[in-house]
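Numbering (this note's numbering), first residue to last: 1 to 35.
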C-alpha cells in the first residue's frame, strides 16, 4: 500500500487542467477584445 498514492498521481493532472482552464479563459478574453 505504500506505493499507492492517488493524490500524488492526480497532482500533475490537476496542474494540467488548471493551465488548460487559464488558456481557455485567456482565449475568451481575447475574443471579447476583438469583438
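From the three backbone atoms N, C-alpha and C, an ideal C-beta is built for every residue, glycine too.
C-alpha gap between residue i and residue j, whole angstroms
{"i": "residue 13", "j": "residue 7", "result": "10 angstroms"}
{"i": "residue 28", "j": "residue 18", "result": "15 angstroms"}
{"i": "residue 32", "j": "residue 24", "result": "12 angstroms"}
{"i": "residue 35", "j": "residue 10", "result": "38 angstroms"}
{"i": "residue 20", "j": "residue 30", "result": "15 angstroms"}
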